[in-house]
Every structure is written in structure tokens, then in C-alpha cells.
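Report on the structure given below.
Chains as they are written, first to last, in my numbering: chain G, 1 to 225; chain B, 1001 to 1368.
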């Protein structure tokens, strides 16, 4: 992951005075900023692969900001959103926050609140990108395991002893230890706990049951992973 | 103004009548020979159905009548059908089909009219006092927000090492521009509250009241309000500005609707009364059984920026008052029993005509 990704703040507001003012404010706190006058303009812009945050007016001409939030979620755009609104009302702000917005500020708002929200958004996006990168690495490593190594890994993270694993697959305990050593090395896991955490992350991504809480027969879909 | 309940029961009565007539025609048709073109009378059934059915309903009734015609033809065949009989049947079927088509067309025209009306109402709403005040608040809010942000940005630029004077200058320029934009809006509002001189014409007040109730039809239905008009026939024509008076009525109606939304469904009543209150005044009252107004607030209702609405600007009633007073009338509010409020306003019957001119005319009878 590139450490020196400079984050960008995206501003979508149809009022030109507010847009210009936000542009100046955000640059004055040493952040890059891009402004758009409509949702369509923003969506058609190819966003660079850097951490970011979206400052969005709730009432845009062609699209309600909350619907836009929904649309973005549907098209897997995961930018954190700070809503600004000339017509603040509680119902709308609650909906926005429940749908995952960082904050909802009614105009005229305190500039520091906006700055804090932007920073929070960028931090959130940075953290998400980091997690994603790590997960991708784990997936790549898992793909390198052989079928037998995967089977053994599954049993290992369910807490089975080498003896039990050997009996289950009708191989010798030595073979099990060899597989175990190989898979630990390929997965770059230092300890069993690391391995279990990686398995959990993969499980969460692949959306299938690992079942090591219930002892049920696991059903990893290797093709999907 | 027919309330929802009355409309529904009328529909049932008409449906019953239509079925009764259709049954009678069917029996008559079956009993008599094909030569007698009884089925033509089914057109009456279609026309009755058109009063309360939608397009689909009318088509269904039309097809049903055609089916009944053919059915009674089948049942009537005890002798070979004569040529006249067959032709008569075809004529009847053509008549039913033609009536159905026309009825459907009429229904489509009705729908188009309704659509046009509600679009007009929407446009009217945008120019109402409510629409305008909400717009004004928004219009002032935007430049104000921009001024705040520019000001703070400017401070940041000036606090940088070294201070960025170019950026700071841009901020200040924008502040001046946006503050000017906001002040233009303030000027507009001030003009509004002063009240423009009325464009005077002869008006039928009851017509204007009814026309204004059409504009709020959607809000009435959506909020399940029972609306009643008691418009007296002895209300004479008055002189005044139609648009301004409609603004006042719309303002009072919308305020009432807002207050009625807080009342229980079923007890949301809005009554509009017009009478001749004295020899030279007409009185209009808008009564609602809504939230009501405390006696403390009755006095400051018409003050500028007094509002109980969370998004309201509070100049609707102020503007209404200035319009009524510039017509030479008076506007006030009283509590309604058992709950709610009544807004009254009077308009002089010879409003809008310059008094001095009128006095001259009446005194100067020698002008014959």
C-alpha cells in the first residue's frame, strides 16, 4: 500500500458560492479538494485510488442526497459521506446517519465541525483501504495452498489435534505436521492465533459457514475464494 | 364541495341503478324477438357506469352489455332469426360499442383536466406566501453559509506560514459578493411586507374562494380533512386584487391544514364561510378544529417573524394583514369551539375605489 497517498475531499453542492467557499476552506487546511455541481458530474468522474471523503448537499437538483447515498452504496462506492443541508430536519439527519454517514450539518454550520468530520471521514477511508489490502493478501496466500493443505488448515483452526486430523484423513501424524508447517509458512502466520484470525477474515469475505463454533461440517467454497 | 363519504355512497346508488336497468333490459330482450332492438338501451347502462367507473370499469361494463346482448339472443332462438333481427342486433352492438368508446374518451379527458389542475395548483403553491418564505429562507441561508466559510478560510490563509494574501483576497471578494446577494433578498422581502398597491377589478368573492379550495384539493385529501363551504348568496361583488386575495385565502387555508394535521383523523374539519356582515362589508371566516392558538399568542399572530412552524419564516400572516388592510379591511383571529381557531377578515364592498372620487360622484348628481 502506498504510504504517501494524498487524500482527496470531493464536494458536491449545486450552489456556486458555497462550492467556492468550501474549496478555499479545504485547501486552507492543506487537503486536496475537487468540487462538482451535480451528482451526475461526480459519478462520471474517474476517482483516483486514494483515501477520500465526500461532502454532499442533501438537496441536489436532480437527486435527493439520501437517495444518492443509497445509490452509491448500491454501486459499491464506499466513500465516507458528510452531509450538509440548507434544510436540516431531524428525520432526514437520522436516516443519513443510520445509513452510515459520518455527520449531518445544517447550514450555516460551524466550519470546525465540517473540518473534524472531513478528517474523521478520511481516517475511516484510510483504515478501510488498509483492511482491504490485507484481506487481498490473505486471499492470495490462501489460493496458493494445495487442496490437502486447505483441509488441514480448516481442521487446525477448529482446534483439532494433529492426531485427530490424521485419523480423519487417514494419513500419518507426521504428514499432518508437514502440511501444517507448509501452510503456516505459505499463509505467513506466526502463531495459531494468527491463522485463526486469517481464517475468520476469509470466512467473513466468502460468506459461507466455517462452523467451528458449532462443529458442523464446514463447506468452504474454494472456487469463490 | 362533496365530501369523500358522499361520493362513495353516490357510486353505490348508481351501481345499483345500473344493474337494475341492465337486468330489466336483459329480461325484456330475452322475452321479445330479435326484431325488437332492446339491447340499444344498454347504452344507458354504460352512460350510468361512466359516472362512477374508471376507464377499465367502463370498458368492462361495455363488454358485459355486449355479452348480455349475445346471451339473450341465444336464449331467444326458438324461431330462425330473421334478417331484420340480425341487423337489429348488429345495430345494438354497434351502439353499445360506440357509447363505450365515447365514455372512455370522456373519462380520459377528465383525467387530463385533473392532471392539468393539479399542475396548476403546484405552480400556484410555489408562488404562495409559504412557498416564497421557504424559498427566501433557503436563498438567504446559502450566501450566509458561504460568507461564514469564506471568513474562516480567510483566517486560515492569514494564519499560514507565510500568510497567503492572494487566497485571503479571493475570500474577501467572495464575501462581499455573497453578502450583496443576501441583501438583495432582504430588500425583496421588505417590498413584500409593505404590500404593493392592489390591481383593482370587480370580483366575485365566492368564486375566488371555490377556486382556491381547488388548489388545496391534494392536501385536503392527503390529510383526510372534511371541508365545507358556506358561501352566502347575498355576498355582492367587491373591488380588489384577485391574486392578492387568493394569496390571503391560500395562506389561511394552509395554516389551517397545518393545524389540522395534529388533530385526530375524523375530527379534522375546515369550514369556510362568506357573508355580508353589514351594509358595506363582507366577512370571510376560515374555521378549523385543529391545534388552536393560545390566548397569549392571539395578539402577536400577525407580527413579523412570529411562527410556530419549525421551518416557518413567520411572515405569511403579516403579508396577509397588509394585503387585507390595503384593501380597506380588517383581519383577526378568535378561538373556535370546541377546539381550533377561526380567522376572519372583512373587505369593504366599495374597496379599491378612491373614496374622494366616489364621494364626488355621489354628491355630484348633476353628472347624471
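Glycine residues also receive a C-beta, built at the ideal position from the N, C-alpha and C atoms.
> Sorted by chain position, which residues of the same chain lie with C-beta nearer than 8 Å to residue 1353 of chain B's C-beta, five sequence neighbours on each side aside?
Replying inline: Position 353 of the second chain, counting from 1, holds the residue named residue 1353 of chain B. With a pLDDT of 44 at residue 1353 of chain B, under the threshold of 50, the predicted position of this residue should be treated as unreliable, though the coordinate-derived value follows. Around residue 1353 of chain B: 1200 and 1239.
> With a cut-off of 8 Å, does the C-beta of residue 82 of chain G fall near any C-beta of chain B?
Replying inline: Sequence index remark: in the first chain, residue 82 of chain G carries index 82 (1-based). Contacts with chain B at 8 Å (Cβ-Cβ) do not include residue 82 of chain G.
>> I want to verify the contact list: residues of chain G whose CB lies under 7 Å from the CB of residue 1143 of chain B, in sequence order.
In response: Here residue 1143 of chain B refers to the residue found at position 143 when the second chain is read from its first residue. Per Cβ cutoff of 7 Å: 17.
>> Strictly by DSSP, which residues pair up with residue 1269 of chain B?
In response: Here the question's residue 1269 of chain B lines up with position 269 in the second chain. Answer is B:1226.
> What is the DSSP secondary structure of residue 1220 of chain B, reduced to helix, strand or coil?
Replying inline: Counting from 1 along the second chain, the entry for residue 1220 of chain B is found at position 220. Here residue 1220 of chain B sits in helix by DSSP.
>> List, in chain order, every chain B residue whose beta-carbon is nearer than 8 Å to that of residue 29 of chain G.
In response: The sequence position of residue 29 of chain G within the first chain is 29, counting from 1. In chain order: 1156.
> Can you give the Cα-Cα distance for residue 80 of chain G and residue 122 of chain G, rounded to whole angstroms?
Replying inline: Counting from one through the first chain, the residue named residue 80 of chain G turns up at place 80. Counting from one through the first chain, the residue named residue 122 of chain G turns up at place 122. Rounded to the nearest angstrom, the two C-alpha atoms are 8 Å apart.
>> Under 8 Å, Cβ to Cβ, is there at least one residue of chain B near residue 24 of chain G?
In response: Along the first chain, one-based indexing puts residue 24 of chain G at 24. For residue 24 of chain G, the answer is yes, since a Cβ of chain B falls inside 8 Å of its Cβ.
> Mapping DSSP to helix, strand and coil, what is residue 12 of chain G?
Replying inline: Against the first chain, residue 12 of chain G aligns to sequence position 12. Strand at residue 12 of chain G.
> Can you name the residues of chain G whose CB is closer than 9 Å to the CB of residue 1223 of chain B?
Replying inline: In the second chain, the residue the question calls residue 1223 of chain B occupies position 223. Annotation: residue 1223 of chain B has no Cβ neighbours in chain G at a cutoff of 9 Å; minimum Cβ distance is about 18 Å.
>> Against residue 1148 of chain B, what residues of chain G qualify as contacts under a CB-to-CB distance less than 9 Å, listed in chain order?
In response: One-based indexing of the second chain puts residue 1148 of chain B at position 148. Contact annotation for residue 1148 of chain B against chain G: 21, 107, 108, 109, 110 and 111 [CB-CB distance below 9 Å, chain order].
> Are the beta-carbon atoms of residue 1058 of chain B and residue 1104 of chain B separated by less than 8 Å?
Replying inline: Locating residue 1058 of chain B in the second chain gives position 58, where the first residue counts as 1. Locating residue 1104 of chain B in the second chain gives position 104, where the first residue counts as 1. In contact: residue 1058 of chain B and residue 1104 of chain B (Cβ atoms closer than 8 Å).
> Listing by chain order, which chain B residues have their CB less than 8 Å from the CB of residue 291 of chain G?
Replying inline: Summary: the structure shown does not reach residue 291 of chain G, with chain G confined to residues 1 through 225, and so no result is reported for it.
> Rounded to a whole number of angstroms, what is the C-alpha to C-alpha distance between residue 1233 of chain B and residue 16 of chain G?
Replying inline: Indexing the second chain from 1 puts residue 1233 of chain B at position 233. Indexing the first chain from 1 puts residue 16 of chain G at position 16. Inter-residue distance for residue 1233 of chain B and residue 16 of chain G is about 55 Å (C-alpha atoms, whole angstroms).
> For residue 1073 of chain B, does the count of other Cβ atoms within 10 angstroms reach 16, so buried, or fall short, so exposed?
Replying inline: Translated into the one-based positions of the second chain, residue 1073 of chain B becomes position 73. Counting every other CB atom within 10 Å of its CB across the protein chains shown gives residue 1073 of chain B a total of 16 or more, marking it as buried.
> Closest by CA to residue 1031 of chain B, which one among B:1275, B:1075, B:1066 and B:1346?
Replying inline: Your numbering for residue 1031 of chain B matches position 31 in the second chain. Of the candidates B:1275, B:1075, B:1066 and B:1346, the one whose C-alpha sits nearest the C-alpha of residue 1031 of chain B is B:1075.
> In chain order, what residues of the same chain lie with their CB nearer than 6 Å to the CB of residue 199 of chain G, ignoring the 5 residues before and after it?
Replying inline: For the purposes of this step, residue 199 of chain G is taken as residue 199 along the first chain, with counting starting at 1. Contacts found: 157.
> Among G:24, G:11 and G:68, which one has its Cα closest to the Cα of residue 1374 of chain B?
Replying inline: Nothing in the structure corresponds to residue 1374 of chain B, since chain B is present only between 1001 and 1368.
> Which partner residues of residue 1282 of chain B appear in the DSSP bridge assignment?
Replying inline: Position 282 of the second chain, counted from the first residue, corresponds to residue 1282 of chain B. Partner(s): B:1276 and B:1347.
> So what's residue 1011 of chain B in DSSP terms, helix, strand or just coil?
Replying inline: Looking up residue 1011 of chain B in the second chain gives position 11. Residue 1011 of chain B: helix per DSSP, three-state reduction.
>> With H, G and I counted as helix, E and B as strand and the rest as coil, what does DSSP make of residue 1153 of chain B?
In response: Reading the second chain from its first residue, position 153 is the one you call residue 1153 of chain B. Here residue 1153 of chain B carries a helix assignment [DSSP, helix/strand/coil].
> Going by beta carbon distance, what residues of the same chain come within less than 6 Å of residue 1270 of chain B, once the five residues before and after it are set aside?
Replying inline: Translated into the one-based positions of the second chain, residue 1270 of chain B becomes position 270. If we look at residue 1270 of chain B and ignore the five residues flanking it on each side, its Cβ neighbours are 1225, 1227, 1256 and 1288.
>> With H, G and I counted as helix, E and B as strand and the rest as coil, what does DSSP make of residue 1341 of chain B?
In response: Within the second chain, the letter at position 341 stands for residue 1341 of chain B. In the three-state scheme derived from DSSP, where H, G and I count as helix and E and B as strand, residue 1341 of chain B is classed as strand.
> For the putative contact between residue 1092 of chain B and residue 1113 of chain B, defined by C-beta atoms under 8 Å, what is the C-beta separation to the nearest angstrom?
Replying inline: Counted from its first residue, the second chain places residue 1092 of chain B at position 92. Counted from its first residue, the second chain places residue 1113 of chain B at position 113. Contact doesn't hold; Cβ gap of about 32 Å is too wide.
>> Please identify the residue among B:1167, B:1101, B:1316 and B:1183 whose C-alpha is closest to the C-alpha of residue 1140 of chain B.
In response: Indexing the second chain from 1 puts residue 1140 of chain B at position 140. Residue B:1183 is the option with its Cα nearest to residue 1140 of chain B.
> In chain G, which residues lie less than 7 Å from residue 1178 of chain B when you measure between Cβ atoms?
Replying inline: Mapped onto the second chain, residue 1178 of chain B falls at position 178. What residue 1178 of chain B touches in chain G: 17.
> Three-state secondary structure (DSSP) at residue 1171 of chain B?
Replying inline: Counting from one through the second chain, the residue named residue 1171 of chain B turns up at place 171. It is helical.
> How do the segment 4–12 of chain G and the segment 25–36 of chain G stand: do at least 3 beta-carbon pairs fall below 8 Å, yes or no?
Replying inline: For the pair of segments examined, the segment 4–12 of chain G was found to touch the segment 25–36 of chain G: the number of CB pairs separated by less than 8 Å reaches three.
> Considering only the beta carbon of each residue, do residue 1142 of chain B and residue 86 of chain G sit closer than 8 Å?
Replying inline: Residue 1142 of chain B sits at position 142 when you count from the first residue of the second chain. Residue 86 of chain G sits at position 86 when you count from the first residue of the first chain. Contact: yes.
> From residue 1276 of chain B to residue 1237 of chain B, what does the alpha carbon distance come to, in whole angstroms?
Replying inline: Walking along the second chain from the start, residue 1276 of chain B turns up at place 276. Walking along the second chain from the start, residue 1237 of chain B turns up at place 237. For residue 1276 of chain B and residue 1237 of chain B, the distance between alpha carbons rounds to 11 Å.
> Apart from the five residues on each side of it in sequence, which residues of its chain come closer than 7 Å, Cβ to Cβ, to residue 93 of chain G?
Replying inline: Numbered from 1 along the first chain, position 93 holds the residue referred to as residue 93 of chain G. Closer than 7 Å at Cβ, skipping near neighbours: 104.
>> Distance cutoff 8 Å, beta carbons only. Does residue 1167 of chain B sit that close to anything in chain G?
In response: Reading the second chain from its first residue, position 167 is the one you call residue 1167 of chain B. At least one chain G Cβ lies under 8 Å of residue 1167 of chain B.
>> Let me confirm a value: residue 1009 of chain B is counted as buried when at least 16 other C-beta atoms fall within 10 Å, else exposed. Which label applies?
In response: In the second chain, counting from the first residue as 1, residue 1009 of chain B sits at position 9. Counting every other CB atom within 10 Å of its CB across the protein chains shown gives residue 1009 of chain B a total below 16, marking it as exposed.
> So which residues of chain G does residue 1171 of chain B contact, with C-beta pairs closer than 7 Å?
Replying inline: Start at 1 with the first residue of the second chain, and residue 1171 of chain B comes out as number 171. Within chain G, the residues near residue 1171 of chain B are 24.
> Cα separation between residue 1144 of chain B and residue 1338 of chain B?
Replying inline: Taking the first residue of the second chain as 1, we reach residue 1144 of chain B at position 144. Taking the first residue of the second chain as 1, we reach residue 1338 of chain B at position 338. Using only the alpha carbons, I get a separation of about 44 Å.
> Taking Cβ-Cβ distances shorter than 7 Å, what residues in chain G pair up with residue 1153 of chain B?
Replying inline: Here residue 1153 of chain B corresponds to residue number 153 of the second chain, with the count starting at 1. The answer, in chain order, is 21, 24, 25 and 28.
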